[in-house]
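Notes follow once the structure below has been shown.
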Amino acid sequence: MTTVIAFILMFGLLVFVHEWGHLIFAKRAGMLAREFAIGFGPKIFAFTRNETLYTIRLLPIGGYVRVAGEDPEIIELKAGHHIALEFNNDGKVSHIIVNNKEKHPHARVIEVERADLDHRLVIEGYELDEDEKLFFEVDPKAMFVMDEKETQIAPFNRQFASKTVPQRAMQLFAGPLMNFVLAIVLFMILGFIQGVPSNEAKLGEIQENSPASQAGLQAGDEVVAVDGESVSTWEEFTTIIRAHPDEEVTLTVDRSGTTEQLDVTPAAIEDRDVTIGQVGVARAFEESFAKKVTFGFTQTYDWSALILTNLGKLVTGQFSLDMLSGPVGIYDATDQVVRTGFTNFVMWTAILSINLGIVNLLPLPALDGGRLLFVGLEGVRGKPIDPQKEGIVHFIGFALLMLLMLVVTWNDIQRLFL
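Quick note: the sequence shown uses UniProt numbering, first residue 1, plus one each step.
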């Protein structure tokens, strides 16, 4: 149950922050954000505030912000339609009722001759059995009512396509950007909770009954050499130890200004079908305020570089698809991380946030990066790509992504349960 709660909280935070970025910059640009959703599928919770429907949906595989104009508008009135109109105190149309008109006895029923709900915001038509043409001015926030479900109209100046290239690009980029911001904040919090890991080969906590404790190593010791080979960083020290399972090595340590030599035999540990050496020590942490503040930025940069390197290896075939994990694999990894403590869970959340930000910036259809690519092409060409052609590309891309998700999830299930 602890893992389930942790996974839901982690997933909710990652998706919320990502979609919140899209939402905030959509509203700042004056776009009509119709829906802010966490999850896909049937709604399990919903409320409306400031023109936007906020929903939590059943399937925890993502989220979205539905901005007017990103998809073809469903609101359309054609000549010959019989509709009912309700008006506000200014005499403008406040509700356009398409069916179930009998439920609105005070509405004015007309036959549409022409309607422009994008630019002029006007409806032209005739009352039934009348010959005089009437003109009705439409409120910019009027509701289109079908099957008693209200949808706010979106004048062109509230639609995605009406905004400048920089505004649209920023709205698309804001989601991944907020994932990087979240990672920076989480790593910074870790820095203040536990301190900043030292780059030097300085020892922190020593595990009881470990090879390190049996050899007499103490917290605060700084390893300066292993078997006479100079060591200056924690990575150099751990690399040498990992390479010598069940092999005695001599550590030269600086202990409060005094140099000592201690023999230790790293225990042999199986790690992903590879035997490595471990002595049972943790790295030391520093308490510098400046380093705690910058820790969020340096860690986010380092993990971003590592993830990009691994993505490059995946593209060039050095890694196989088996290295990828879907929701099932991430849940299993989260279960293992939760068992190791809160700080590791916070770090895991930060790493996943970076991963989500990077993956969404890949120039693939249906992802933020793919849509940014189309906006960039528009900026270069000076005119937009045909919306229908772009929609087809994104639809195909989304279908392929769903297929990849199924393949990765099946691989996760095979690894864990079969």
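We treat Cβ as the ideally placed atom computed from N, Cα and C, and that holds for glycine. Since this is a predicted model, take the numbers as computed values, not measurements.
Around the C-beta of residue i, are 16 or more other C-beta atoms found within 10 angstroms, so that it is buried, or is it exposed?
{"i": "Met-402", "result": "exposed"}
{"i": "Ala-268", "result": "exposed"}
{"i": "Gln-261", "result": "exposed"}
{"i": "Leu-177", "result": "buried"}
{"i": "Ala-219", "result": "exposed"}
{"i": "Glu-127", "result": "exposed"}
{"i": "Ile-97", "result": "buried"}
{"i": "Asn-360", "result": "buried"}
{"i": "Asp-221", "result": "buried"}
{"i": "Phe-11", "result": "buried"}
{"i": "Gln-299", "result": "buried"}
{"i": "Gly-80", "result": "exposed"}
{"i": "Pro-197", "result": "buried"}
{"i": "Met-1", "result": "exposed"}
Take residue i and list the residues in its own chain whose beta-carbon comes closer than 8 Å to its own, dropping the five residues that flank it on each side.
{"i": "Glu-124", "result": "Val-112, Glu-113, Arg-114, Ala-115, Lys-133, Leu-134, Phe-135 and Phe-136"}
{"i": "Trp-410", "result": "none"}
{"i": "Val-293", "result": "Met-188 and Gly-191"}
Would you mind reading off the limits of the alpha helix (DSSP H) that contains residue i?
{"i": "Glu-378", "result": "368-381"}
{"i": "Val-293", "result": "289-315"}
{"i": "Leu-13", "result": "2-28"}
{"i": "Pro-327", "result": "327-339"}
{"i": "Ile-240", "result": "234-242"}
In this structure, how does DSSP classify residue i when only helix, strand and coil are distinguished?
{"i": "Pro-166", "result": "helix"}
{"i": "Val-98", "result": "coil"}
{"i": "Val-393", "result": "helix"}
{"i": "Thr-151", "result": "strand"}
{"i": "Val-346", "result": "helix"}
{"i": "Ala-183", "result": "helix"}
{"i": "Ser-211", "result": "First, the residue type needs correcting, since residue 211 is Pro and not Ser in the sequence shown. Three-state result, Pro-211: helix."}
{"i": "Ala-84", "result": "strand"}
{"i": "Gly-41", "result": "strand"}
{"i": "Lys-202", "result": "strand"}
{"i": "Ile-189", "result": "helix"}
{"i": "Arg-158", "result": "helix"}
Using a Cβ-Cβ cutoff of less than 7 Å, which residues in the same chain neighbour residue i once the five nearest sequence positions on both sides are dropped?
{"i": "Ile-307", "result": "Ile-354, Asn-355 and Ile-358"}
Along the beta strand (DSSP E) that carries residue i, what are the first and last residues, could you check?
{"i": "Val-65", "result": "52-67"}
{"i": "Arg-114", "result": "108-116"}
{"i": "Leu-262", "result": "258-264"}
{"i": "Glu-127", "result": "122-127"}
Give me the Cα-Cα distance between residue i and residue j, rounded to the nearest whole angstrom.
{"i": "residue 430", "j": "Ala-107", "result": "The chain is shown from 1 up to 418; residue 430 falls before or after that span and cannot be answered."}
{"i": "Ala-29", "j": "Glu-19", "result": "15 Å"}
{"i": "His-22", "j": "Ala-399", "result": "22 Å"}
{"i": "Val-138", "j": "Val-145", "result": "14 Å"}
{"i": "Gly-277", "j": "Glu-51", "result": "59 Å"}
{"i": "Val-337", "j": "Ser-256", "result": "35 Å"}
{"i": "Thr-343", "j": "Trp-234", "result": "20 Å"}
{"i": "Pro-60", "j": "His-119", "result": "38 Å"}
{"i": "residue 421", "j": "Lys-163", "result": "Since the first and last residues shown for the chain are 1 and 418, residue 421 lies out of range."}
{"i": "residue 433", "j": "Ala-183", "result": "This structure cannot settle anything about residue 433, because the visible part of the chain is limited to 1 through 418."}
{"i": "Ala-215", "j": "Val-224", "result": "16 Å"}
{"i": "Asp-263", "j": "Ser-232", "result": "19 Å"}
{"i": "Val-249", "j": "Ile-241", "result": "8 Å"}
Any beta-carbon of chain B closer than 8 Å to the one on residue i?
{"i": "Asp-221", "result": "No chain B appears in this structure, which consists of one protein chain only."}
Once the 5 residues before and after residue i are set aside, which same chain residues still bring their CB inside 6 Å of it?
{"i": "Ser-213", "result": "Ile-206"}
{"i": "Val-346", "result": "Leu-186 and Leu-190"}
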